[in-house]
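Asker: Quick one: this structure, given as structure tokens, is what I'll be asking you about.
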Amino acid sequence: MNYPEPIAKLIDSFMKLPGIGIKSATRLAFYTINMNDDDVSIFSKALMDAKRKLHFCSICGNITEDDPCEICQDKDRDQTKVLVVEQPKDLVSMENMHEYTGLYHVLHGVLSPVEGKGPEDINISGLVKRLQKHPEIKEVIIATNANPEGEATAMYLSKLIKPAGIKVTRLAHGLSVGSDIDYADEMTLIKAIEGRTEM
0 MNYPEPIAKL IDSFMKLPGI GIKSATRLAF YTINMNDDDV SIFSKALMDA
50 KRKLHFCSIC GNITEDDPCE ICQDKDRDQT KVLVVEQPKD LVSMENMHEY
100 TGLYHVLHGV LSPVEGKGPE DINISGLVKR LQKHPEIKEV IIATNANPEG
150 EATAMYLSKL IKPAGIKVTR LAHGLSVGSD IDYADEMTLI KAIEGRTEM
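Just so we're aligned, residue 0 is where the sequence shown starts under numbering that gives the first Met the number 0, counting upward by one.
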């Protein structure tokens, strides 16, 4: 039996989300149609607001309502360090430990030949321009995930940045190999920052 078109479209929409298969999408679709009208309105407004009001910071690439973002505007932060992360959610994880006081740069992905992602497909050129424009930056801390793509991206960045005389460090492997930063606990992240090593 085929679902009515509105439900089928809703299921298809949920299946576009990462990690959502047909069973989960179907469950979410039926849950959604059973929600009261006010909750559906709030949910749809939240989706539209996120799409319309948020954009990427022109300096660091973080998700923000204001440009530049709050972190890039903060002159009290250590202007000599830039911590490079894969995604905005990784930046939030680092900020939540309240130990790192430098700046950030969000790549919006990693190098992945299998997926056809090269240096031009992620925010590497923005980092290079930023380093050229701001000679006060003395250290780049690479905080990509400890998986093959993250390691390849870290090595690429190190080879790109080190010739400019900028210190390049990598988070210590207090983060287990194959894990994601946003799943790490606060103490693991603190130890990873403290134990970073030069590349």
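Ideal Cβ positions, reconstructed from N, Cα and C, are used throughout, including at glycine.
Just reading off the beta strand (DSSP E) that threonine 152 is part of, what are its end residues?
Answerer: Along the sequence shown, one-based indexing puts residue 152 at 153. Threonine 152 -> not in any beta strand (DSSP E); alpha helix (DSSP H) instead, spanning 147 to 160.
Asker: Between the Cα of serine 43 and those of Leu53, Thr31 and His54, spot the shortest distance and give me the residue it belongs to.
Answerer: Locating residue 43 in the sequence shown gives position 44, where the first residue counts as 1. The candidate whose alpha carbon is nearest that of serine 43 is Thr31.
Asker: Considering only residues of the stretch 43 to 88, which uninterrupted beta strand (DSSP E) runs meet the minimum length of 3 residues and lie entirely inside it, listed in chain order?
Answerer: Runs found: 77 to 84.
Asker: What are the uninterrupted segments assigned as beta strand (DSSP E) that are 3 or more residues long and contained completely in the stretch 103 to 150, given in chain order?
Answerer: The stretch 103 to 150 contains these whole beta strand (DSSP E) runs: 138 to 141.
Asker: According to DSSP, simplified to helix, strand and coil, what is lysine 15?
Answerer: What you label residue 15 is simply residue 16 of the sequence shown in a count that begins at 1. Lysine 15 falls in the coil class under three-state DSSP.
Asker: Please state if the CB of threonine 79 and the CB of lysine 137 are separated by a distance shorter than 8 Å.
Answerer: As a working mapping, residue 137 is identified with position 138 in the sequence shown. As a working mapping, residue 79 is identified with position 80 in the sequence shown. Cβ distance < 8 Å, so lysine 137 and threonine 79 count as in contact.
Asker: State yes or no: is the C-beta of glutamate 148 within less than 8 Å of the C-beta of valine 109?
Answerer: What you label residue 148 is simply residue 149 of the sequence shown in a count that begins at 1. What you label residue 109 is simply residue 110 of the sequence shown in a count that begins at 1. Contact: yes.
Asker: When you compare each of Pro87, Val91 and Leu82 to isoleucine 165 by their alpha carbons, which one comes out closest?
Answerer: Position 166 of the sequence shown, counted from the first residue, corresponds to residue 165. Minimum Cα distance to isoleucine 165 is reached at Leu82.
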